[in-house]
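Visitor: Each step along the sequence shown adds one to the number in my numbering, with nothing skipped, and position 33 is 52. Glycine included, every Cβ here is placed at the ideal spot set by N, Cα and C. One structure follows; several queries about it will come next.
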Amino acid sequence: MTSPSHDIGAELLRRLPDETIADLRRTELLKAARPKRFGGFALDLDQVMAIIAELGRGCGSTGWVFGVYCDHYITLGMFPAAMQEDVRAKQPDALISTGLAPGGTIQRTAGGYRLSGRWSYSSGCTHADWAFVHTPLPAADGAAPPDSLYVFVPRADFHIIDIWEVMGLCGTGSNDLDINDAFIPSHCTLRVSDANEGTGPGITYNDAALYRLPRAATVPYCLGAPILGIAQAMYDDFVDNMRPRASRGFPLAEQQTIQLRVAEAAAEIDAARLLLQRDCKESMRAIRERGKLTMEERARNRRDMGYCVKLCGQASERMFAVTGGAGIYLNTDMQRLYRDASL
């Protein structure tokens, strides 16, 4: 688990420190969701989520960026084999930032596409070797309604616009990306509809169940798991700091109103963790046993993704409210965790 000192350093830099990235490589955590062909572990989704949450417990920004990198390793495993080989040939442990809000323009040309545009919230872009962006296809190129594409763009073809001055998750470095008329080979694209069905061409190249998951119904858990770790860190910090405190000579830890709030927060965090683990494990089992998720399972997962975040948000609000004036100082972990959870 990363430490609060990493969180402070990331907040000041507005990106992850180089030392944090080096630690993630040294400990081989970045191999968690990477295809085995890249020297990765291709762990099950529930195992990946547990790592993301634990990193988020030590540093919310590290958990978030690591979750983004895992999300993109999983999606890379759905891309054509030629795209995956491009990444492996250049750097097997490449880091991939994000730009998933649909944007930009893409036009067909000989051998591929020309891509231009600006994408926001590119978490982890400072250390990224590739960017993974989402762009609508021109109407003539897709079915009705038109499809859209996930596109891999090498570092040489995107410019980082440094705008990440925010109140929480400050260390994610989620700046904007600008791409100007970059040539994108056809094999560097994947139809979003294929990714969301778990039917991308990469499934014949990577046989792990992780890369056959329907993306929209499972992979976004990578971006929900960090707040689970942040909420757990708030709980840990609250309990540790509340034990010695007193008001008018009475220990605060013995006040029933405070005990009730802490119990409610703990139950919400546990419930969120159990929902996440259940959904991820059952999704992996469904892929292995019958090759797909039912529409009911997909809907349940999407529901639970949102509800897990809501539960953790409620828990963080409860704990910050009952912390009182002790939580407002900028040299405390509690206020930083609260700001991270609020995003």
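1) Name, in chain order, the residues that DSSP records as bridge partners for Ile203.
2) Rounded to whole angstroms, what is the Cα-Cα separation between Leu32 and Gly190?
3) Exposed or buried, Arg355, counting other C-beta atoms within 10 Å across all chains shown (16 or more means buried)?
4) Which of helix, strand or coil does DSSP assign to Ser302?
5) Between which two residues does the alpha helix (DSSP H) holding Tyr169 run?
6) Between the alpha carbons of Ile40 and Glu184, how many angstroms are there, rounded?
7) Runs of 4 residues minimum, wholly inside the region 221-252: which ones carry the alpha helix (DSSP H) assignment?
8) Specify, as a first and last residue, the run of the alpha helix (DSSP H) that Trp83 falls within.
9) If you pair each beta-carbon of the region 104-124 with each one of the region 277-294, do three or more pairs fall below 8 Å?
10) Determine the DSSP secondary structure at Thr117, reduced to helix, strand or coil.
11) Would you tell me roughly how many angstroms separate the C-alpha atoms of Ser361 and Gly332, rounded to the nearest one?
12) Just curious, the alpha helix (DSSP H) that Val106 is in, first and last residue?
13) So Arg174 and Asp197 are in contact, right, with Cβ under 8 Å, and what is the actual spacing, rounded?
14) So Leu294 and Tyr326 are in contact, right, with Cβ under 8 Å, and what is the actual spacing, rounded?
15) What are the start and end residues of the alpha helix (DSSP H) that includes Phe339?
16) Span of the alpha helix (DSSP H) holding Ile378?
17) Closest by CA to Pro233, which one among Glu336, Ile306, Thr154?
18) Under a three-way DSSP split, which group does Arg307 fall into?
19) With 16 as the cutoff for other CB atoms within 10 Å, does His91 come out buried or exposed?
20) Express the C-alpha separation of Ala236 and Phe165 in angstroms, rounding to a whole number.
21) Would DSSP call Phe57 helix, strand or coil?
22) With Leu229 and Ile93 assumed to form a contact (beta carbons below 8 Å), what rounded beta-carbon distance in angstroms separates them?
23) How about Thr342 and Phe269: do their beta carbons lie closer than 8 Å?
24) Provide the residue span of the alpha helix (DSSP H) that contains Val211, from first to last.
25) Are Met253 and Met353 closer than 8 Å when you measure CB to CB?
26) For Ser18 versus Asn215, is the C-beta spacing smaller than 8 Å?
27) Along the chain, where does the alpha helix (DSSP H) containing Ala360 start, and where does it finish?
28) Use the C-beta contact count for Met68: other C-beta atoms within 10 angstroms, 16 or more gives buried, fewer gives exposed.
29) Over the uninterrupted beta strand (DSSP E) stretch that includes Trp149, give me the two end residues.
30) Could you give the residue range of the beta strand (DSSP E) that holds Ile347?
31) Please say whether Ala265 and Leu405 have beta carbons closer to each other than 8 Å?
32) Buried or exposed: Met367, going by 16 or more other Cβ atoms within 10 Å of its Cβ?
33) If I measure Cβ to Cβ from Phe177 and keep anything under 6 Å in the same chain, skipping five residues before and after, which residues do I get?
34) Are the beta-carbon atoms of Ser135 and Asp181 separated by less than 8 Å?
35) Measuring straight from C-alpha to C-alpha, what distance separates Gly123 and Arg210?
36) State the DSSP-derived secondary structure class of Ile182, mapped to helix, strand or coil.
Guide: If we stick to the structure as given:
1) Tyr132
2) 7 Å
3) buried
4) helix
5) That residue, Tyr169, is in no alpha helix (DSSP H); its beta strand (DSSP E) goes 167-173.
6) 21 Å
7) 234-237
8) 79-95
9) no
10) strand
11) 7 Å
12) 100-109
13) Between Asp197 and Arg174 the Cβ distance is about 13 Å, and since that is not below 8 Å, they are no contact.
14) 7 Å
15) 314-342
16) The structure shown does not extend to residue 378, since the chain is modelled only from 20 to 362, so the question has no answer here.
17) Ile306
18) helix
19) buried
20) The sequence given here places Pro at residue 165; Phe does not occur at that position. Their backbone Cα atoms lie some 21 Å apart in a straight line.
21) helix
22) 6 Å
23) no
24) 211-216
25) yes
26) Since the first residue shown for the chain is 20 and the last is 362, residue 18 is missing from the structure and cannot be characterised.
27) 352-361
28) buried
29) 149-155
30) It is not in any beta strand (DSSP E) - Ile347 carries neither H nor E in the DSSP assignment.
31) There is simply no residue 405 to check, as the chain begins at 20 and stops at 362 in what is shown.
32) Not covered by the structure: residue 367. The range shown for the chain is 20 to 362.
33) Ala150, Leu196, Ile198
34) no
35) 16 Å
36) coil
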